[in-house]
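Trainee: If you use my numbering, the sequence shown corresponds to residues 32 to 438, in order. Here you go, one structure.
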Amino acid sequence: MDLLLRNIGKLVGVTEESAQPKRGALMAEVQTISQAYLHIQDGLIVSFGKDSDCPKLEVEEFDCRGRMVLPSFIDSHTHTVFAAARSSEFQLRLEGKSYQEIAESGGGILNSANKLAELSEDELYNEAILRIQEIVKGGTGALEIKSGYGLTTETELKMLRVIKRIKSSAGIPIKATFLGAHALPAAYKDDRQAYINLVCNEMLPLIAREGLADYIDIFCEEGYFDLIDLTRIIQAGQNYKLRAKVHVNQFSSFGAVPLASKLGALSVDHLEVMTESDFKALKNSNTLAVGLPLCSLFLDIPFAPGRKLIDEGAAFVLASDFNPGSSPSHNLSQALSLACTQMKLLPQEAFNALTYNASFALQLQDQLGSIQIGKRANLMITKDKSTELVDLAYWFGENMIEQVILA
Ligand code: NIG
Ligand code: FE
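What follows is the structure, encoded as C-alpha cells:
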C-alpha cells in the first residue's frame, strides 16, 4: 500500500545512515525538515523532503495539518507480560515499607511469579495484547518484553511462548528476553547456585531449542544475584548466541557495569546508583547505557545520571521498564519529560535516547529509529499544540501522540 503524508509541519529525526549510536554532543543533534512530505510504499519510507518538492503521485494522500511527524518511540526494556497489578504493595509502600522490605517478605517479583503460575497461556496473552494496544497508542513502535515472572522451567517457557504469540500478532516488532535469573524462588533460597544451574543447564537449552528468546537478562543486585551469577548468565547466553541486556545498579554499585561491558553486554539497564568506575567503563563502550526514569519516579529512588552519562561519552538510551512492581506506566512521553526535568537532558537528547539510540538497544537500527530511506514507516504524529520537541517534554503527564502509523 502507498501513502503520501503531506503538509507535515516538522519531519523530525532524519538520518542518512544508522551505523553507530549517538554519543556526546551528537546526542543533541536532531535533523528536521520543515514543511515536508513523506512517501510510504509497502510499509517502508521510500522518499521524503520539502513539501514544495513533493512528486506528483497517484496515491492516497494524508494531510498532516502542519503537525510534527516523528519516528516511533522504541521501548527496549519492559515486563509487559504479567498476571496482575501489585497496587496492594504500593499501598504498603505508601504506609512506609520499602520496595526491598516488601520483596523480603515474599512480595515483589515472587508475588508476581505466584500469580503468573495460576494463569493459562491464553489468559496471559489476552491481557498482554490489551496492554500492547495501549502502548501503541502512546507512540511505541517496537517493544522488548522480558520473562522473569515464571522462575520455574515450565512457567518461564509459558511466558516466552506468550511473547512468541505476541510477536506474530502485535503489529510492531517485538523482542523477547529470557530473565530466568530475576529473583531466587523460595525453593532455592539456600542454594543460589543450584538455581543458576537450572537457568543455564535446563531452561536455557529448552528456550534456545524453541527459539523463544532474542536476549538474556539477570537482576544483578544485593539480595538477588551477584557478579559470579552475572558472569555465568552472560556466558551461558553466548553459547546460544543470545546477547545480554542486564538489570544492574538499581540500588547499589559493586562492579556489575564494568564486568557486563567487558563481557560484551548489549546494554546495562537501570544505573540509578553509579560510581566513577561505572562511568569510565561506559565511555566509548559498545555497551549501551539505559535509563528508566518512570521506575525512579514511582519508587522514589535516584534518577540515573543521564546528563553525566552523556557528558562522559556513554551511548544513552531511555526506556519505560513497564512492570507491575516498579513502573506501572509505559508512557514514553512522560519518560521523555522526566529525562529533561530530572536527568537534565535536552529534549533533543531525550528524543534520540527514545528513538535512534533505542533502536540499537534492540538491534533494530536497520529498520527503525529514524526517518531514513528504506526504514519501516512506524511513525507518530503529535497533537497540534506540540510544534517543537520541547513541547513533548513541556506538556508532561499527557500522551502527546495523536496518531500513529504502523508500516
Ligand atoms: O526492572 N528490578 C528488577 N526488575 C524489575 C521490577 C520487577 C518487579 O518489581 O516486578 C525492574 O524494576
Ligand atoms: Fe526491569
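Positions of the beta carbon are idealized from the N, C-alpha and C atoms, including for glycine.
Look at G268 and I238 and say whether their C-beta atoms are less than 8 angstroms apart.
Mentor: Numbered from 1 along the sequence shown, position 237 holds the residue referred to as residue 268. Numbered from 1 along the sequence shown, position 207 holds the residue referred to as residue 238. A distance of 8 angstroms or more separates the beta carbons of G268 and I238.
Trainee: Considering only their Cβ atoms, is the gap separating I432 from G179 smaller than 8 angstroms?
Mentor: On the sequence shown, position 148 is the one that residue 179 refers to. On the sequence shown, position 401 is the one that residue 432 refers to. In this structure, the beta-carbon distance from G179 to I432 does not fall below 8 angstroms.
Trainee: Under 7 angstroms: does the beta carbon of S178 sit that close to some heavy atom of the ligand NIG?
Mentor: Your numbering for residue 178 matches position 147 in the sequence shown. Flag unset: Cβ of S178 not near the ligand NIG.
Trainee: Does the region 55-70 come into contact with the region 35-46, if we say contact requires no fewer than three beta-carbon pairs (one atom in each stretch) closer than 8 angstroms?
Mentor: Contact between the region 55-70 and the region 35-46 is present, because at least three Cβ pairs lie under 8 angstroms.
Trainee: What residue range does the alpha helix (DSSP H) around Q131 cover?
Mentor: Taking the sequence shown and counting its residues from 1, one reaches residue 131 at position 100. Residues 130-135.
Trainee: Okay, do the region 244-258 and the region 275-286 touch, 3+ Cβ pairs below 8 angstroms being the bar?
Mentor: yes
Trainee: Can D352 be considered in contact with the ligand FE, in the sense that its beta carbon sits closer than 7 angstroms to one or more heavy atoms?
Mentor: Along the sequence shown, read from residue 1 onward, the residue named residue 352 stands at position 321. The answer is yes for D352.
Trainee: Do the CB positions of S284 and M305 come within less than 8 angstroms of each other?
Mentor: For this step, residue 284 is matched to residue 253 along the sequence shown. For this step, residue 305 is matched to residue 274 along the sequence shown. Going by C-beta atoms, S284 is nearer than 8 angstroms to M305.
Trainee: Which residue's Cα is closest to the Cα of M99: D73, L420, L147?
Mentor: Along the sequence shown, one-based indexing puts residue 99 at 68. Residue L420 is the option with its Cα nearest to M99.
Trainee: With a threshold of 7 angstroms, establish whether the CB of I140 neighbours any heavy atom of the ligand NIG.
Mentor: Locating residue 140 in the sequence shown gives position 109, counting from the first residue. Result yes, Cβ under 7 angstroms from the ligand NIG.
Trainee: From the DSSP output, read off the bridge partner residues of T63.
Mentor: Start at 1 with the first residue of the sequence shown, and residue 63 comes out as number 32. DSSP, once it has assigned bridges, lists V43 as partnering T63.
Trainee: What do you reckon, are the CB atoms on L75 and G405 nearer than 8 angstroms?
Mentor: Here residue 75 refers to the residue found at position 44 of the sequence shown. Here residue 405 refers to the residue found at position 374 of the sequence shown. Yes, they are a contact pair.
Trainee: What did DSSP end up calling M431 once you bin it into helix, strand or coil?
Mentor: Here residue 431 is taken as the residue at index 400 of the sequence shown, counted from 1. Here M431 sits in coil by DSSP.
Trainee: Which one or two residues does DSSP pair with T109 in a beta bridge?
Mentor: The count along the sequence shown starts at 1 and reaches residue 109 at position 78. Answer by DSSP bridge pairing, in chain order: F353.
Trainee: Under three-state DSSP, which class holds K414?
Mentor: Counting from one through the sequence shown, the residue named residue 414 turns up at place 383. Coil.
Trainee: Span of the alpha helix (DSSP H) holding T262?
Mentor: Translated into the one-based positions of the sequence shown, residue 262 becomes position 231. 258-270 is the span of the alpha helix (DSSP H), which, as asked, contains T262.
Trainee: L410 and S49: beta carbons closer than 8 angstroms?
Mentor: Sequence index remark: in the sequence shown, residue 410 carries index 379 (1-based). Sequence index remark: in the sequence shown, residue 49 carries index 18 (1-based). Going by C-beta atoms, L410 is not nearer than 8 angstroms to S49.
Trainee: Output the boundary residues of the alpha helix (DSSP H) element that contains E158.
Mentor: Sequence index remark: in the sequence shown, residue 158 carries index 127 (1-based). Its alpha helix (DSSP H) spans residues 152-168.
Trainee: Using a Cβ-Cβ cut-off of 6 angstroms (strictly less than) and excluding sequence neighbours within five positions of H361, which residues of its own chain qualify?
Mentor: By one-based count along the sequence shown, residue 361 stands at place 330. Only I166, S351, F353 meet the Cβ criterion.
Trainee: Short of 8 angstroms in beta carbon distance, which residues of its chain neighbour G344, apart from the five on each side in sequence? Order them along the chain.
Mentor: On the sequence shown, residue 344 is found 313 positions in, with the first residue counted as 1. By the criterion of a C-beta distance shorter than 8 angstroms, G344 is surrounded in its chain by R54, G55, L313, K314, N315, once the five residues flanking it on both sides are discounted.
Trainee: Alpha carbons only, please: which of D94, N145, Y271 is nearest the one belonging to E185?
Mentor: The residue you call residue 185 lines up with position 154 of the sequence shown. Ranking the options by Cα distance to E185, first place goes to N145.
Trainee: Across which residues does DSSP place S78 in a beta bridge pair?
Mentor: Here residue 78 is taken as the residue at index 47 of the sequence shown, counted from 1. Bridge partners of S78: H70.
Trainee: Following the continuous alpha helix (DSSP H) through M190, name the residue where it begins and the one where it ends.
Mentor: By one-based count along the sequence shown, residue 190 stands at place 159. Looking at the DSSP string, the run of the alpha helix (DSSP H) that includes M190 is 184-200.
Trainee: Under 7 angstroms: does the beta carbon of H70 sit that close to some heavy atom of the ligand FE?
Mentor: Walking along the sequence shown from the start, residue 70 turns up at place 39. No, the ligand FE has no heavy atom inside 7 angstroms of this Cβ.
Trainee: Leaving aside the five residues before and after D415 along the sequence, list all residues of the same chain whose C-beta is less than 7 angstroms from its C-beta, in chain order.
Mentor: As a position in the sequence shown, residue 415 is number 384, starting the count at 1. Excluding sequence neighbours, D415 sits near R98.
Trainee: Could you pull out every residue in the same chain whose Cβ sits closer than 8 angstroms to the Cβ of A320, ignoring the five residues on either side in sequence?
Mentor: Working through the sequence shown from its first residue, we reach residue 320 at position 289. Correct list, in chain order: S298, V299, L302, L313, A335, L340, A345, A346, F347, V348.
Trainee: For E175, which residues does DSSP report across the bridge?
Mentor: In the sequence shown, residue 175 corresponds to position 144, counting from 1. DSSP output for E175 lists K206 as bridge partner(s).
Trainee: Starting from A322, trace the beta strand (DSSP E) both ways and give me its first and last residue.
Mentor: One-based indexing of the sequence shown puts residue 322 at position 291. The identity of residue 322 in the sequence shown is Gly, whereas the question assumes Ala. 319-322 is the extent of the beta strand (DSSP E) around G322.
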